[in-house]
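Participant: In the UniProt record's numbering, the protein residues as written are 1 to 384. A single structure is presented below for examination.
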Amino acid sequence: MAEASGQFGVNGLENRRDWPALADPEVRRVLSHFPLPAPARQVVWHGRRPFSSTGVVSLENGSRVFVKRHDHCLRNATALAEEHRFIAHLSGRGIPVGQTWRTTDGQAALDFNGSAYEVFSIMPGHDLYETVQSWEPFHNIRHAFSAGLHLGQLHEAARSFDAPARPSSRPLLSTFEVITSPDLMAGLNCWIPQQSGLAEALTRHFWRKDIPAALLKFHERLKPHLSEIQPRWGHGDWHPSNLFWDDTGPDAQICGILDFGMSDQTCAAYDLAVAIERSAIEWLRPENDCPVAFDRLDAFLRGYQTRYTISDTERSLVSLFLPLVHVEYALSEVAYYETLVHDQNGVKAAYTDYLLGHAHWFSSPSGQKMLDWLEQTLKTSACP
């Protein structure tokens with residue numbers, strides 16, 4: 001059995017794990033419920049990303065599969081089926097997503113001992129960002145261009161996917177139910193009770209004062225445009241660590257797209273803004289005022305527009321969404337760290353550094369410069 005080596009936490013790589021690593025006897029029992037070409041043998045690699053337990057499992061015939069375990073407080077087989085339907089739709093339209101395995105009785109995932117398990121075929125290519133903390137910028141402009149191109153392809157393919165939005169009670173999704181409410185605080189008052197543990201977690205914070213002070217001005221700018229939003233599913237977590245590459249060099253192109261766990265029905269402009277937030281701003285370098293990778297962001301946007309025809313309305317919405325895209329996910333993280341894994345460093349990171357800190361940065365001269373640049377760049381690219 002491969003040795004589990006900790007996880008990426010809010011302060012980088014940590015020795016501890018919030019969720020136990022996959023074990024050999026466990027994966028043998030679980031994979032016996034899937035019609036694989038041979039029985040499972042052992043776990044040969046453990047993932048280090050948080051919120052779930054992942055691993056590569058070798059089979060008796062020498063092949064391998066990827067296994068992911070979710071605690072039922074986060075996902076069950078029904079929730080995973082929502083993601084798998086989107087993955088299957090994209091696959092049918094040529095998007096290089098992972099191949100999912102169904103159980104022997106046709107289910108998208110297996111509910112077993114309080115957890116949900118999903119199984120994927122091994123993604124071809126290279127995980128060039130395996131050792132990089134999530135939400136770091138792309139290594140170079142060629143990677144960024146390829147990432148933009150593939151997100152554009154995904155958004156084009158998602159036009160014909162007509163599934164409804166996922167239930168509001170699902171935690172840790174990239175959703176915009178709150179920020180697209182005509183009244184921000186009324187939207188929060190309706191949404192918070194639906195998030196398990198969030199109301200309790202927020203009693204320790206002055207959120208009714210903090211959130212309007214940090215976010216209301218951005219919401220007021222978005223509010224006149226709410227009727228222009230065209231609902232569409234998006235990836236929800238587009239950043240370098242969720243992409244596989246066909247080579248190990250600087251000219252590598254994307255050959256695989258991973259992790260649709262945060263996907264939901266939002267809109268193309270929102271999903272593009274999420275991708276920008278999670279791949280263009282160096283949030284882990286606050287001492288240097290969170291530098292923006294403008295060269296890679298420019299390449300990303302150019303790649304995106306080679307595959308997706310972004311409307312004038314969507315161009316305007318991207319920069320309006322950007323200071324707000326993190327709101328619901330950050331609040332869901334507050335509940336996760338407070339009530340599920342009891343990590344006060346995580347709570348601070350989610351509430352103070354993420355929910356409020358990102359909003360404060362967008363209000364700063366550096367953040368305003370970035371928003372102005374983005375608005376102008378998108379507007380200029382619309383010219384023939």
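Glycine included, each C-beta is placed from N, C-alpha and C at the ideal position.
Three or more beta-carbon pairs under 8 angstroms between the region 272-283 and the region 325-332, yes or no?
Facilitator: Segments in contact, yes.
Participant: According to DSSP, is Val327 helix, strand or coil?
Facilitator: It is helical.
Participant: What does Glu277 pair with, by DSSP beta-bridge criteria?
Facilitator: Answer by DSSP bridge pairing: none, since Glu277 is not bridged.
Participant: What did DSSP end up calling Phe260 once you bin it into helix, strand or coil?
Facilitator: Reduced to three states, the DSSP call for Phe260 is coil.
Participant: Taking Pro171 and Ser196 to be in contact with their CB atoms under 8 angstroms, please state how far apart those CB atoms are, rounded to whole angstroms.
Facilitator: Yes, Pro171 and Ser196 are in contact; Cβ-Cβ is about 7 angstroms, under 8 angstroms.
Participant: Run through the DSSP bridge pairs and tell me what Val292 is partnered with.
Facilitator: DSSP output for Val292 lists Ile281 as bridge partner(s).
Participant: Measuring CB to CB, does Ile122 end up less than 8 angstroms from Phe66?
Facilitator: Yes, they are a contact pair.
Participant: Please report the Cβ distance between Arg315 and Lys379, rounded to the nearest whole angstrom; I am assuming they are in contact, meaning their Cβ atoms lie under 8 angstroms.
Facilitator: About 6 angstroms; that satisfies the 8 angstroms criterion.
Participant: Could you give the distance in angstroms between the alpha-carbon of Pro384 and the alpha-carbon of Glu156?
Facilitator: Low local confidence applies: a pLDDT of 47 at Pro384 is under 50, so the model's placement there is unreliable, with the coordinate-based value given in what follows. Cα-Cα distance, rounded: 21 angstroms.
Participant: Would you tell me roughly how many angstroms separate the C-alpha atoms of Ile257 and Ile179, rounded to the nearest one?
Facilitator: So the alpha carbons of these two residues sit roughly 27 angstroms apart.
Participant: Measuring straight from C-alpha to C-alpha, what distance separates Ile211 and Trp101?
Facilitator: Rounded to whole angstroms, Ile211 to Trp101 spans 42 angstroms at the Cα level.
Participant: For the alpha helix (DSSP H) that Phe138 lies in, which residues bound it at each end?
Facilitator: Neither: Phe138 is in no alpha helix (DSSP H) and is coded neither H nor E.
Participant: Is the region 290-304 touching the region 250-270, taking contact as three or more C-beta pairs under 8 angstroms?
Facilitator: The answer is no - the region 250-270 does not touch the region 290-304, with fewer than three Cβ pairs under 8 angstroms.
Participant: Quick one: any contact between the region 217-232 and the region 240-250, if contact means 3 or more CB pairs under 8 angstroms?
Facilitator: The region 217-232 is not in contact with the region 240-250.
Participant: Counting Cβ pairs closer than 8 angstroms, one from the region 331-348 and one from the region 365-373, do we hit at least three?
Facilitator: No, the region 331-348 is not in contact with the region 365-373.
Participant: Roughly how many whole angstroms lie between the Cα atoms of Thr54 and Ile95?
Facilitator: About 23 angstroms.
Participant: Nearest-angstrom Cα distance between Trp283 and Leu356?
Facilitator: Roughly 13 angstroms between the two C-alpha positions.
Participant: Is the beta carbon of Ser115 sitting closer than 8 angstroms to the one on His70?
Facilitator: Closer than 8 angstroms, so yes.
Participant: For the region 186-205 against the region 334-353, are there 3 or more C-beta pairs whose distance is under 8 angstroms?
Facilitator: Flag = yes, the region 186-205 and the region 334-353 touch.
Participant: To the nearest angstrom, report how far apart Glu220 and Ser381 are at their CA atoms.
Facilitator: Each residue's alpha carbon lies about 26 angstroms from the other.
Participant: Tell me His46's beta-bridge partners as DSSP assigns them.
Facilitator: According to DSSP, which records beta bridges pairwise, His46 is partnered with Gly55.
Participant: Do you know how far the Cα of Tyr117 is from the Cα of Val30?
Facilitator: Cα-Cα distance, rounded: 8 angstroms.
Participant: The beta strand (DSSP E) that contains Phe34, what's its start and end?
Facilitator: Taken as a continuous stretch (DSSP letters only), Phe34 belongs to no beta strand (DSSP E), as it is neither H nor E.
Participant: For Pro384, does the three-state DSSP call read helix, strand or coil?
Facilitator: Model confidence at Pro384 stands at a pLDDT of 47, short of 50, so the residue's coordinates are unreliable and nothing is read from them.
Participant: Looking at Gln153: is its Cβ nearer than 8 angstroms to the Cβ of Phe120?
Facilitator: Contact: no.
Participant: Tell me Arg204's beta-bridge partners as DSSP assigns them.
Facilitator: None; Arg204 has no bridge partner.
Participant: What does Phe86 pair with, by DSSP beta-bridge criteria?
Facilitator: Partner(s): none; Phe86 has no beta bridge.
Participant: Buried or exposed: where does Arg75 fall if 16 or more other Cβ atoms within 10 Å of its Cβ makes it buried?
Facilitator: Classification for Arg75: buried.
Participant: Can you say whether Asp183 is buried or exposed, counting buried as having 16 or more other CB atoms within 10 angstroms of its CB?
Facilitator: Result: exposed.
Participant: Smallest Cα separation from Thr266: which of Arg166, Asp289, Gln305, Leu188?
Facilitator: The shortest C-alpha separation from Thr266 is found at Arg166.
Participant: Along the chain, where does the alpha helix (DSSP H) containing Arg315 start, and where does it finish?
Facilitator: Unbroken alpha helix (DSSP H) run through Arg315: 312-321.
Participant: For the alpha helix (DSSP H) containing Phe176, name the first residue and the last one.
Facilitator: Counting along the chain, Phe176 falls outside any alpha helix (DSSP H), and DSSP gives it neither H nor E.
Participant: Using a Cβ-Cβ cutoff of less than 6 angstroms, which residues in the same chain neighbour residue 408 once the five nearest sequence positions on both sides are dropped?
Facilitator: There is simply no residue 408 to check, as the chain begins at 1 and stops at 384 in what is shown.
Participant: I need the straight-line Cα distance from Leu149 to Leu226, nearest angstrom please.
Facilitator: Their Cα atoms are separated by approximately 27 angstroms.
Participant: Identify whether Ser91 lies in helix, strand or coil by the three-state DSSP scheme.
Facilitator: DSSP places Ser91 in helix when its eight states are reduced to three.
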